[in-house]
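Visitor:
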Amino acid sequence: MPNNKKHKLSKIKDGDKAHPYSRKATQMRRAINRDEKMGKQKSASEIKRTRLVDRMLWFKFVIENDMQTATIEQVHDIIQMYIGRHDAEILTIEQSLRKGRPPPGRLELLRILRAKDMQEYNNGIEIPQLTDAKNVTRLKEWEGDYNAMASIKSVIIRKDLAEPAVGAKPDDTRSANETGMEVDASDVKKVPVFKFESVTTQEIAKPTAINIAKETGMDVDM
Numbered sequence: 001m002p003n004n005k006k007h008k009l010s011k012i013k014d015g016d017k018a019h020p021y022s023r024k025a026t027q028m029r030r031a032i033n034r035d036e037k038m039g040k041q042k043s044a045s046e047i048k049r050t051r052l053v054d055r056m057l058w059f060k061f062v063i064e065n066d067m068q069t070a071t072i073e074q075v076h077d078i079i080q081m082y083i084g085r086h087d088a089e090i091l092t093i094e095q096s097l098r099k100g101r102p103p104p105g106r107l108e109l110l111r112i113l114r115a116k117d118m119q120e121y122n123n124g125i126e127i128p129q130l131t132d133a134k135n136v137t138r139l140k141e142w143e144g145d146y147n148a149m150a151s152i153k154s155v156i157i158r159k160d161l162a163e164p165a166v167g168a169k170p171d172d173t174r175s176a177n178e179t180g181m182e183v184d185a186s187d188v189k190k191v192p193v194f195k196f197e198s199v200t201t202q203e204i205a206k207p208t209a210i211n212i213a214k215e216t217g218m219d220v221d222m
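The opening residue of the sequence shown carries number 1 in full-length UniProt numbering; numbering runs sequentially from there.
(1) With respect to the alpha helix (DSSP H) encompassing residue 120, which residues constitute its N-terminal and C-terminal limits?
(2) So the alpha helix (DSSP H) residue 157 belongs to, where does it begin and stop?
(3) Going by the CB atoms, is the gap between residue 161 and residue 63 shorter than 9 Å?
(4) Can you give me the C-alpha to C-alpha distance between residue 88 and residue 110, rounded to a whole angstrom?
(5) So residue 154 and residue 126 are supposed to be a Cβ contact under 8 Å. How far apart are they, rounded?
(6) Could you round the C-beta distance between residue 51 and residue 86 to whole angstroms and report it? I think they count as a contact, below 8 Å.
(7) How many Å lie between residue 149 and residue 142 at the Cα?
(8) Once you ignore the five residues that flank residue 195 on each side, which residues in its own chain have a CB closer than 6 Å to its CB?
(9) For residue 130, does the count of other Cβ atoms within 10 angstroms reach 16, so buried, or fall short, so exposed?
(10) What does DSSP give as the partner residues of residue 126 in its beta bridges?
(11) On the three-state DSSP scale, how would you describe residue 143?
(12) Distance, Cα to Cα, residue 136 vs residue 60?
(13) Can you list, in chain order, the residues of its chain whose CB lies under 6 Å from that of residue 107, leaving out five sequence neighbours each side?
(14) Cα separation between residue 91 and residue 44?
(15) Compute the beta-carbon to beta-carbon distance between residue 83 and residue 118, rounded to the nearest angstrom, for a pair I have assumed lies under 8 Å.
(16) In three-state DSSP terms, what is residue 99?
(17) Within the continuous alpha helix (DSSP H) that includes residue 67, where are the two ends?
(18) Between 58, 96, 147 and 102, which has its C-alpha nearest residue 78's C-alpha?
(19) Just the C-alpha distance for residue 123 and residue 80, rounded to the nearest angstrom, thanks.
(20) Which whole-angstrom value describes the C-beta separation of residue 133 and residue 69, a residue pair presumed to lie in contact below a C-beta threshold of 8 Å?
(21) What does the alpha-carbon distance come out to for the pair residue 156 and residue 48?
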């Protein structure tokens, strides 16, 4: 029977002395490949976690203290604000470009990030549920811990969808039309007026080049 036991690179004895065609060298190559694969998986997981936390924080800080719930129309307005959170910086960079000079890497990253957010909105974007008063309270009280995000309900909102997919789990990317879920309109409409200031959104979530690079998977040349 073949030996399928997995070896860790650090556990291979005298690995530095192994002949390139020996069984020990083969074990080393397998261990190195596995370590690299696990490293890439960990990086992808960390990037996804960072994106989820950053998005939740943005919605946490964009809502006002006296807000209790939002209508679905207001939710769509907030999503548009989220997608355009870098628009002021994009415009500033574009206006500062010199003729004949290539655009800086940051501008390209911001454009890509905006396009990705819009595509996600068209297909179904995951955001905290803002039509539920208890959930809004939990969002306000949340302190940015990834593990504590499980207590905050998320919904999937699609641009052409009139109602949110209420109760959607973080990994559930289906819309209300696709899941067959129904929304009680009375729960959505009986809400106080929701106020927000779009002027402050740039200050709320002004990204660093590192965060943007993580979201887009691209390197940035500052």
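All C-beta atoms, glycine included, are put in the ideal place defined by N, C-alpha and C.
Guide: So, to answer that:
(1) As a first step, residue 120 is located in the sequence shown; it is residue number 120 there, counting from the start. Residue 120 -> alpha helix (DSSP H) spans 105-123.
(2) Reading the sequence shown from its first residue, position 157 is the one you call residue 157. Run containing residue 157: none in the alpha helix (DSSP H); it sits in the beta strand (DSSP E), 154-157.
(3) The residue labelled residue 63 in the question sits at position 63 within the sequence shown. The residue labelled residue 161 in the question sits at position 161 within the sequence shown. Taking 9 Å as the Cβ cut-off, residue 63 and residue 161 do not qualify as a contacting pair.
(4) Your numbering for residue 88 matches position 88 in the sequence shown. Your numbering for residue 110 matches position 110 in the sequence shown. Near 11 Å, if we compare the C-alpha coordinates of residue 110 and residue 88.
(5) By 1-based counting over the sequence shown, the position of residue 154 is 154. By 1-based counting over the sequence shown, the position of residue 126 is 126. Yes, residue 154 and residue 126 are in contact; Cβ-Cβ is about 5 Å, under 8 Å.
(6) Position 51 of the sequence shown, counting from 1, holds the residue named residue 51. Position 86 of the sequence shown, counting from 1, holds the residue named residue 86. Not quite, the Cβ-Cβ distance comes to about 15 Å (not below 8 Å), so this is no contact.
(7) In the sequence shown, the residue the question calls residue 149 occupies position 149. In the sequence shown, the residue the question calls residue 142 occupies position 142. Looking at the two C-alpha atoms, the distance is approximately 8 Å.
(8) Within the sequence shown, residue 195 is the residue found at index 195, counting from 1. Summary for residue 195: the model assigns pLDDT 41, below 50, so the residue's position carries little reliability; its value from the coordinates is reported in the next sentence. 64.
(9) Along the sequence shown, one-based indexing puts residue 130 at 130. It is buried - the Cβ of residue 130 has at least 16 other Cβ atoms within 10 Å.
(10) Walking along the sequence shown from the start, residue 126 turns up at place 126. Answer is 156.
(11) For the purposes of this step, residue 143 is taken as residue 143 along the sequence shown, with counting starting at 1. Looking at residue 143 - three-state DSSP - the assignment turns out to be coil, as it is neither helix nor strand.
(12) Within the sequence shown, the letter at position 136 stands for residue 136. Within the sequence shown, the letter at position 60 stands for residue 60. The straight-line gap from Cα to Cα measures roughly 9 Å.
(13) Along the sequence shown, read from residue 1 onward, the residue named residue 107 stands at position 107. Excluding residues within five positions, the ones whose Cβ falls inside 6 Å are 93.
(14) The sequence position of residue 91 within the sequence shown is 91, counting from 1. The sequence position of residue 44 within the sequence shown is 44, counting from 1. So the two alpha carbons sit approximately 30 Å from each other.
(15) Counting from one through the sequence shown, the residue named residue 83 turns up at place 83. Counting from one through the sequence shown, the residue named residue 118 turns up at place 118. Residue 83 to residue 118, Cβ: 6 Å. Contact.
(16) The sequence position of residue 99 within the sequence shown is 99, counting from 1. Reduced to three states, the DSSP call for residue 99 is coil.
(17) For the purposes of this step, residue 67 is taken as the residue at position 67 of the sequence shown. Unbroken run through residue 67: none, as it is neither H nor E.
(18) Here the question's residue 78 lines up with position 78 in the sequence shown. Checked all of 58, 96, 147 and 102; the closest Cα to residue 78 is 58.
(19) If you number the sequence shown from 1, residue 123 lands on position 123. If you number the sequence shown from 1, residue 80 lands on position 80. One C-alpha to the other measures close to 14 Å.
(20) Locating residue 133 in the sequence shown gives position 133, where the first residue counts as 1. Locating residue 69 in the sequence shown gives position 69, where the first residue counts as 1. Contact holds; Cβ gap of about 5 Å.
(21) In the sequence shown, counting from the first residue as 1, residue 156 sits at position 156. In the sequence shown, counting from the first residue as 1, residue 48 sits at position 48. Rounded to whole angstroms, residue 156 to residue 48 spans 17 Å at the Cα level.
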